[in-house]
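Data first, discussion second: the structure below is written as structure tokens.
Residue numbers (this note's numbering): 108 to 656.
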């Protein structure tokens, strides 16, 4: 019989040590909230997956003090981030979507006008160790890799989880107030609750709609072989097959997505041959690892919560990687969950606050999976003409026509509206001021201080983002030339134990952008309330925006 350790008690148990679980642990640990994270794997991910940290994700990491370190991982800052369509690497370029390097984006006011953190191209398996290293420095976080959740039961006061340590089979019982499943697509937490997925996907039809193979390769001679200028993300299109190839480190490492051949799986497929097929020449290649997966998914869990059990990331929404929305939506889940769990555990918000998580985040999951599926369908439905690779007048004409069409796929790699435009309109935590928010667009982002949306970004000076002045709790912006009285608001917050910092800014540009003299910004940088004077019943406002019934 295996040994059983004494019961562990923790306010929050996070199940899953991927990007979302690690981010949630940083959110909690940075607020000195005790929590335990368990992960079935013995370490952070060894196989690459996901290559884009969008602007909102980078804003969250900036808030957590991690943005600069994360930008040092992945592609070198001066490396091209162009998206290139070609018949094969040794063939013809069909189209190119020019995109600036990180260095160019950070140095160009046009790219930092709406966000202090432009999109960053780095594979997640480079980022997870950075998050893990930060967690290791947070004394309130207990991290246990190599531990598997086997079962859990909840009662009116919390959850008892049964956990097994992989190396010796030791059984643990972890008692927590809140359990958060960040344990991926095959989530033990979600399945144990009997919560299903709804949406689109599962068909095995074509490239990016069906069974796919992800291959991590070392091919240092590929860059010299290319018949075109280097980029970051390559799509090969030919009559034999298609592929998606992302540069990982600019030194020969790539992640390659190809369709899984019929009758094969990751144990029998010739991954090297699949890669060389999209290269179009015989070059040395070392296959470092392979992983199978299903593309064309746009699935959403029926529920995000069951009592004291919540879920985030792939446990509640599954994307095809087109658009790069999956992990980024999960990090935004973690930002929403992080401050709410911290508030409840610290005692300045009631447990009812947690019931707002699903109400705020599930509509965003619907929105983002829908747009990702549209992008995936466009890629999957691409028709490949005959003779595309012929060295002839006919072949050249067909390449030109296809290239013109591919050049229209720009928004898959930008989608600023998806990145920055998430809103919580209708949430019980938002005080509607009667103004109309901008129309939701996946492509265009219109900065707005209408309560419910992300606070607009402005530079107050060189390198001085307004976001950097916001506190870890609520921030009360006072934006008029003459300071408006806020004594009653601060006393009401103090009486309730709510952390709030006053931020005085007299720059008229900020007042114009925010449209009021007083603005309350939540810990996740969404606007909860605004007006020109203190409310007549400040306690009621504070109770509403912190989830009191």
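Note that the Cβ used here is the ideal one computed from N, Cα and C, for glycine as well.
Confirm, please, whether the CB-CB distance from residue j to residue i is below 7 Å.
i: residue 228; j: residue 291; result: no
i: residue 260; j: residue 267; result: yes
i: residue 362; j: residue 155; result: yes
i: residue 407; j: residue 306; result: yes
i: residue 251; j: residue 422; result: no
i: residue 504; j: residue 332; result: no
i: residue 323; j: residue 395; result: yes
i: residue 138; j: residue 449; result: yes
i: residue 285; j: residue 424; result: no
i: residue 506; j: residue 387; result: no
i: residue 436; j: residue 475; result: yes
i: residue 265; j: residue 455; result: no
i: residue 145; j: residue 234; result: no
i: residue 214; j: residue 463; result: no
i: residue 191; j: residue 370; result: no
i: residue 161; j: residue 355; result: no
i: residue 399; j: residue 489; result: no
Going by beta carbon distance, what residues of the same chain come within less than 6 Å of residue i, once the five residues before and after it are set aside?
i: residue 433; result: 426
i: residue 257; result: 269, 271
i: residue 166; result: 224
i: residue 559; result: 530, 531, 532, 537
i: residue 327; result: 359
i: residue 351; result: 342, 364
i: residue 211; result: none
i: residue 523; result: 552
i: residue 393; result: 325
i: residue 377; result: none
i: residue 183; result: 357
i: residue 249; result: 143
Go ahead and label residue i buried or exposed: buried means 16 or more other beta carbons lie within 10 angstroms of its beta carbon, across all protein chains shown.
i: residue 209; result: buried
i: residue 391; result: exposed
i: residue 118; result: buried
i: residue 365; result: buried
i: residue 645; result: buried
i: residue 108; result: Because the pLDDT of residue 108 is 36, which lies under 50, any placement of that residue in the model is unreliable, and the number read from its coordinates should be weighed accordingly. Result: exposed.
i: residue 630; result: buried
i: residue 216; result: exposed
i: residue 563; result: buried
i: residue 136; result: buried
i: residue 112; result: exposed
i: residue 500; result: exposed
i: residue 353; result: buried
i: residue 440; result: buried
i: residue 447; result: buried
Please check the pair residue i and residue j, which I expect to be a contact at CB under 8 Å, by giving their CB distance rounded to whole angstroms.
i: residue 115; j: residue 281; result: 5 Å
i: residue 124; j: residue 148; result: 6 Å
i: residue 607; j: residue 583; result: 6 Å
i: residue 546; j: residue 592; result: Contact doesn't hold; Cβ gap of about 36 Å is too wide.
i: residue 133; j: residue 420; result: The Cβ separation is near 14 Å, so there is no contact.
i: residue 527; j: residue 222; result: 6 Å
i: residue 142; j: residue 247; result: 7 Å
i: residue 232; j: residue 174; result: So it is not a contact: roughly 18 Å between Cβ atoms.
i: residue 318; j: residue 418; result: Actually they do not touch by this definition, with Cβ atoms about 25 Å apart.
i: residue 623; j: residue 638; result: 6 Å
i: residue 495; j: residue 513; result: Their Cβ separation, rounded to whole angstroms, is 12 Å, which puts residue 495 and residue 513 out of contact at 8 Å.
i: residue 493; j: residue 346; result: 7 Å
i: residue 140; j: residue 595; result: Between residue 595 and residue 140 the Cβ distance is about 29 Å, and since that is not below 8 Å, they are no contact.
Please go through the same chain and pick out, in chain order, the residues whose beta-carbon is closer than 7 Å to the beta-carbon of residue i, but skip the five residues on each side of it.
i: residue 636; result: 538, 558, 627, 648, 652
i: residue 205; result: 189
i: residue 193; result: 199, 200, 201, 335, 341, 343
i: residue 438; result: 126, 127, 130, 164, 167
i: residue 101; result: Absent from the model: residue 101. The displayed extent of the chain is 108 to 656, so no value can be given.
i: residue 571; result: none
i: residue 150; result: 252
i: residue 442; result: 134, 167, 631
i: residue 274; result: 253
i: residue 473; result: 407
Ordered along the chain, which non-local residues of its own chain (more than five positions away) have a Cβ less than 8 Å from that of residue i?
i: residue 656; result: 457, 459
i: residue 304; result: 406, 407, 408, 409, 425
i: residue 555; result: 544, 545, 563
i: residue 299; result: 258, 259
Mind checking if residue i is an interface residue toward chain B, Cβ cutoff 7 Å exclusive?
i: residue 330; result: This model lacks chain B altogether, as it is built from one protein chain only.
Considering only heavy atoms of the ligand NAD, does any lie closer than 6 Å to the CB of residue i?
i: residue 209; result: Here there are no bound small molecules, and the ligand NAD is not part of this structure.
Specify whether the region 550–559 and the region 228–241 touch according to this definition: at least 3 beta carbon pairs, one from each stretch, less than 8 Å apart. No: fewer than three Cβ pairs fall under 8 Å.
Would you call the region 583–591 and the region 605–625 touching, i.e. three or more CB-CB distances under 8 Å? As far as the Cβ criterion goes, the region 583–591 touches the region 605–625, which means the pair count is three or higher.
Report yes or no: do the region 451–468 and the region 409–417 share at least 3 C-beta pairs separated by less than 8 Å? yes
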